[in-house]
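Q: Got a structure for you, questions after.
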Amino acid sequence: MAIEGYQEAGVRKTVVRSVAALVGMFAFAFALVPLYDVFCKVTGLNGKVDTTAQAIVHEEVDQSRFVTMQFITRGSAGLPWQMSVETRQMRVHPGQTAEVDFTFTNNSAVESWGRAVPSVSPSSATTHLRKVSCFCFQEQQLQGDERLTIPLVFQLARDLPEEINTITLVYTLYPVQRIALQTDQNNNSAGDNI
Amino acid sequence: MAPKLPPQHPLQHSSTAVAGSQSQEGHAHHAPPKGILRWLLTTNHKEIGSLYLIFSLTMFFVGGIFALVVRAELFQPGLQLVEPEFFNQMTTMHGLIMVFAAVMPAFTGLANWMIPLQIGAPDMALPRLNNFSFWLLPVAFALLLSTLLMPGGGPNFGWTFYAPLSTTYAPASTTFFILALHIAGISSILGAINIIATILNMRAPGMRMMDMPLFVWTWLITAFLLIAVMPVLAGVITMMLMDINFGTSFFDAAGGGDPVLFQHLFWFFGHPEVYIMILPAFGIVSAIIPTFARKPLFGYASMVYATAAIALLSFLVWAHHMFIVGLPLTAELFFMYSTMLIAVPTGVKVFNWVTTLFRGSISFEPPMLFALAFVVLFTIGGFSGLMLAIAPADFQYHDTYFVVAHFHYVLVPGAIFAIMAGVYYWLPKWTGHYPNERLAQCHFWCSIIGVNLTFFPMHFAGLAGMPRRIPDYALQFADFNLLSSIGAFFFGASQLLFVLVVVLCVRGGQKAPAKAWEGAVDLEWSVPSPAPLHTFDTPPVFHRAQTHD
Amino acid sequence: MHLPWRWLLTMSSVASISQVQASSWNMPVGVTDVSRDIFGLHMTIFWVCVVIGVVVFGVMFYSLFRYRHSKGAKAARFHEHTSVEVLWTAIPILILVGMAVPATATLKNMYDASEADLDIMITGQQWRWRYEYLGEDVAFTSNLSTSREQIRGEEERSEHYLLDVDEPLVLPINRKVRFLMTSDDVIHSWWVPELAVKQDTIPGFINENWVQINEPGIYRGQCAELCGVNHGFMPIVVHAMEEAEFETWLEERKAAAEQEAMGVDREWAMEELMARGETVYQSICSSCHQSEGQGAPPAFPALAGNEQLINDLDWHLGRVINGVSGAAMPAFRSTLNPVEIAAVVTYTRNAWGNDTGDIVQPAAVAERIAQ
């Protein structure tokens, strides 16, 4: 070994510390996943809204201005559902609580599960949008040919910044990976034989 | 070259020796193995350094050939030679090979050869770990290259492998790509640990930290960066692996994840990674310029601080790769400011090199030619980097050939020229011969022409609107691409000259003395040329005045 | 704060335009206030770099020439000079602060998508763009219209090679248009250089952006994020026109959409469906499944001679309508109307020797989608 006796202890110390640091950094990388969510929720920085219900805050409604709420629904590949909203646009005062109905239709004959993933723009509006009741909080299950109407109840915070006068809320409907055997064919990846 | 047997060491059976310390005793009593076994089992820093360098040079050509496939297709508008799918694999593999198999191992090879010599240590702190670190690389890259032959082809999502293109929509070989990257990452991490342990604990008595040559300093800082960020890369690719194979949704909106999270995590690794690829280059150039200007390096201390500042700042700039992803305004501004700031210490280093030249006594041997070209051309790459830092302007530059021009300027006439400069500089020490000056000059001038002909037009192609990673392009980009392709083939061919110079030098040439270059001052020049297999078995007495204060 | 900096940038960009005339070498000035501001920032930082480069390289080359060892130069020994070092750290910082101020102003402006006159939803798909005029019921996809023959070099390349689409995005000038951007599959990026709009489209998330175009014209761009095999083949064309002209166009589009919707209820003949289906197939499906239905397995299955397709109409229709999760096959119910779906399925079932004789009526498709 090339190490002199007096250097041995130092080398061991360096190695132990380096290994501790790299294990720490590896753990840090994984910790960043929930940290990213926490950071985004606290700052509202990526348009990701809360996935848990929030209480209505009793605050005065700001009658002096309106905010246009836009609702957009989108489907995705692999889920034979239709998602629609009763109104594409709604004018709301900051501080006001409102309710909008969303309708889910399963166009196939077999049951399936889906999840609506929300996204808000501008992202600075996210912390000011309180969802009291939302279908996006959990997966939805529909039987074959079933149609379901679920409301979204939300409150727009009174302290919504003056500059924001249009908020767009988009829901993308995704299939949930638990699939009944019969629907398996619809969910094969392209690599399989068809 | 018959290896010298080391003197009997009283602490040879120290507790640091793990089971299998046969080699210690064997070393004292038997001749070391010959042939392939010698190279498979060597724990000698010089031999391992040579292994890294040969591996890196080979992979440089492999990655270079992939680039030539790309440039051949882009020679003219239209699809003539390859399908878009294969083209995407070529651009991806070119990037992966050059970053992980050419540039990083080359610097590691130079570190292995030169750090013990420059600090007066007999070898690296952990020689067997050193051997293991090297041999992981051929395994990793054999695996990576083999993915090209797997059904579905190799990785085709760019060397930055953004999700979900690299997870949900990726070819079947992606899991092997991830495994290969894990193995290469372990190699880098173990190498970094070894380097830190060596530098911190094995300097010759009397050598303070602020006495160390800058190449040692830059590698020390680089090694810290590696330990900090390679595990993050490991974390990201593990998350990818889980998304692909185990049904998690780190980067998949459908399951509550976020593709942008991938980018944050990747670039948290990725930005320090590019500094990992350039800091050792700064160290090499900081050795060569004072040598051939026959003048001490200007501002040694500020060079050390600037390098440390760059390393620290490199953790705070990652999202400048993501200016157009939809970051919130506050974040966008923060990253713009921090990115602009990092130009300052980098600029300071360039000023220091130029001031070292000022009122020196300058000669233009091959190492100096490459080092000077580095200063000019890396700085040009730095200018385009500064332009990219201006976030609003970046909306027009991002994902165009302007970015490709920028990073190729800092990596090719940047990192690669510095590596070649280092090789030309230290070849006399390794082989005992000077490299053939005429051939080296020819290599230099051909490389200068090639590199600029290839990459300068890319600035204009990008400004004119050409996106990255496309196999075919609109007609207004044709002239720029024509020039770039010609330049690329010319540059590629010129590198064969480099191989020739190296091979000839190993086999013979004008004899070099211990102090091969008149202005050279560091410790390595006090041992014979070629350096014997074992050097500094007894630590040298280090005199501060030898180097700088 | 905004105005003086805009003046400075405009001046430098005006000065630069006259000097750097060869516009094919430089970023376009563009047709929006934002693009002009960005051009100004670009030219300013460019000239800053040129000046610094001239000074630094000037000193360097001077030194290389003047202090040559071969001419007997004797090296000095100095290796530090505190005041100079402080100066060359402080001056760059000041220059950067100087640049940061107008850059910040421009960025703030770019982020302010409020008070828009028109909202457009842009969806990136593999490998086309979908445009929806929110609140107007006008929506269509925009596909590359450059022919395969031109790409392979069998035909002469047109002036706008690779930058031509079947349906451009039509926008009014002098109106603030807000873009909501997302993707159906992987990350794409919508970029038009002359509008200085570039934004990644992230699947499952929306980004917003805006533009106000000052001059009518046709502006072309490309996808700017690697998104798979045809990343280089999904261009963007924006046709900006006077407001009145735009209103007319919008009305015509709405009328055409209504016409199409009415076509759903009637009975279609085989020849009509085959003709329509072939058009849809070539512009939408052939980029993956190839012009003769041969596909590119395993990623893109062959349709010609495909047993399961031939034997199972219901399954075939389901694949087209709902797509395949986790693969490149999108859910075409959100991209194609029932007439187009019926036509392309009919075509696929009868072309290339498949010859099932099946006819799919638009009404059946509409029922299945159950709007």
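Protein chains in written order, with our numbering: chain A, 244 to 437; chain B, 85 to 633; chain C, 404 to 774. Cβ atoms here follow ideal geometry from the backbone N, Cα and C, with glycine treated the same way.
Taking C-alpha atoms, which residue in G592/B, V590/B, P612/B, C589/B lies nearest to A600/B?
A: P612/B
Q: Less than 6 Å between C-beta atoms, sequence neighbours within five positions excluded: which residues of the same chain meet that for V369/B?
A: A455, F458, A502
Q: Using only CA atoms, which one of S728/C, D717/C, N757/C lies nearest to R771/C?
A: The closest CA to that of R771/C, considering only S728/C, D717/C, N757/C, is found on D717/C.
Q: One question on the structure: do A637/B and V258/A come within less than 7 Å of each other, judged by their Cβ atoms?
A: Residue coverage of chain B in this structure runs from 85 to 633, which leaves residue 637/B outside it and unanswerable.
Q: Can you check whether the CB of A627/C is closer than 7 Å to the CB of K601/C?
A: Yes, Cβ-Cβ distance for K601/C and A627/C is below 7 Å.
Q: Under a Cβ-count criterion, where at least 16 other Cβ atoms within 10 Å of its own Cβ denotes burial, should V489/C be classed as buried or exposed?
A: exposed
Q: Cβ atoms of L213/B and L274/B: under 7 Å apart, would you say?
A: yes
Q: Could you check where the beta strand (DSSP E) with Y622/C kicks off and where it finishes?
A: 620-626
Q: The ligand MG heavy atoms versus the CB of I616/C: any closer than 6 Å?
A: The model depicted lacks the ligand MG and carries no ligand whatsoever.
Q: Once you ignore the five residues that flank G147/B on each side, which residues in its own chain have a CB closer than 6 Å to its CB?
A: H178, I181, M182, A186
Q: Taking C-alpha atoms, which residue in V535/B, L617/B, N278/B lies nearest to H490/B?
A: Nearest option by C-alpha distance: V535/B.
Q: Would you say N408/A faces chain C, with C-beta separation under 7 Å as the test?
A: yes
Q: Excluding the 5 residues flanking F399/B on each side, which residues of the same chain have their C-beta closer than 7 Å to its C-beta?
A: P356
Q: Could you give the distance in angstroms between the alpha-carbon of K579/C and the alpha-carbon of N709/C?
A: 49 Å
Q: Along chain C, which residues have their Cβ under 8 Å away from the Cβ of G444/B?
A: S466, Y470, A476, A478, A479
Q: Could you name each continuous alpha helix (DSSP H) segment of 4 residues or more that falls completely within the stretch 567-610 of chain C, going from the start of the chain to the end?
A: Within the stretch 567-610 of chain C, no alpha helix (DSSP H) run of at least 4 residues lies entirely inside it.
Q: Assign P189/B to one of two classes, buried (16 or more other C-beta atoms within 10 Å of its C-beta) or exposed (fewer than that).
A: buried
Q: Under 8 Å by Cβ, that's how I've got A524/B and Y508/B pegged, so tell me the actual separation to the nearest angstrom.
A: 6 Å
Q: Once DSSP output is grouped into helix, strand and coil, what is the label at G237/B?
A: Residue state, collapsed to three classes: coil.
Q: Counting C-beta neighbours from all protein chains within 10 Å, is the total for V402/A 16 or more, i.e. buried, or is it exposed?
A: Looking at the sequence itself, residue 402/A is Asp, so the reference to Val does not match. Answer is exposed; the Cβ neighbour count stays below 16.
Q: How long is the line joining the alpha carbons of G110/B and P117/B, rounded to whole angstroms?
A: With a pLDDT of 42 at G110/B, under the threshold of 50, the modelled position of that residue is not reliable, and the figure given next carries that caveat. Going from the Cα of G110/B to the Cα of P117/B covers about 10 Å.
Q: Hey, is A368/A's beta-carbon within less than 7 Å of any beta-carbon in chain C?
A: no
Q: Establish whether the CB of F735/C and some CB of chain A are separated by less than 7 Å.
A: At a cut-off of 7 Å between beta carbons, F735/C makes no contact with chain A.
Q: Could you check the C-alpha separation between M463/C and A499/B for me, to the nearest Å?
A: 20 Å
Q: Which chain B residues sit within Cβ distance under 8 Å of F380/A?
A: Under the 8 Å cutoff, chain B gives no residues; its nearest Cβ is about 11 Å from F380/A.
Q: Considering only residues of the same chain and omitting the five flanking positions on each side of G34/B, which have a CB-CB separation below 8 Å?
A: Outside the modelled stretch of chain B, which goes from 85 to 633, sits residue 34/B, for which no answer is possible.
Q: Please return the same chain residues whose Cβ sits closer than 6 Å to the Cβ of M323/B, not counting the five positions on each side in sequence.
A: Excluding sequence neighbours, M323/B sits near F334.
Q: Suppose the cutoff is 7 Å on Cβ atoms and the five residues either side in sequence are ignored; what does the same chain contact list for S578/B look like?
A: H527, C530, S531, G534
Q: Does the beta-carbon of G290/B have 16 or more other beta-carbons within 10 angstroms, so that it is buried, or is it exposed?
A: exposed
Q: Excluding the 5 residues preceding and the 5 following I616/C in the sequence, name in chain order all residues of the same chain whose CB lies nearer than 7 Å to its CB.
A: V434, T435, L574, I576, L598, A643
Q: Can you give the Cα-Cα distance for R439/C and M430/C, rounded to whole angstroms?
A: Straight through space, the alpha carbons of M430/C and R439/C are spaced by roughly 10 Å.
Q: Measuring only the C-alpha atoms, how far is N172/B from L265/B?
A: 19 Å
Q: Please determine, among T484/B, I360/B, I321/B, the residue with the shortest C-alpha to C-alpha distance to G635/C.
A: T484/B
Q: Which of helix, strand or coil does DSSP assign to K374/A?
A: Residue state, collapsed to three classes: strand.
Q: Please compile the residues from chain B whose C-beta is within a distance smaller than 7 Å of the C-beta of N610/C.
A: G410
Q: Ordered along the chain, which non-local residues of its own chain (more than five positions away) have a Cβ less than 7 Å from that of F241/B?
A: T176, L249, S250, A254
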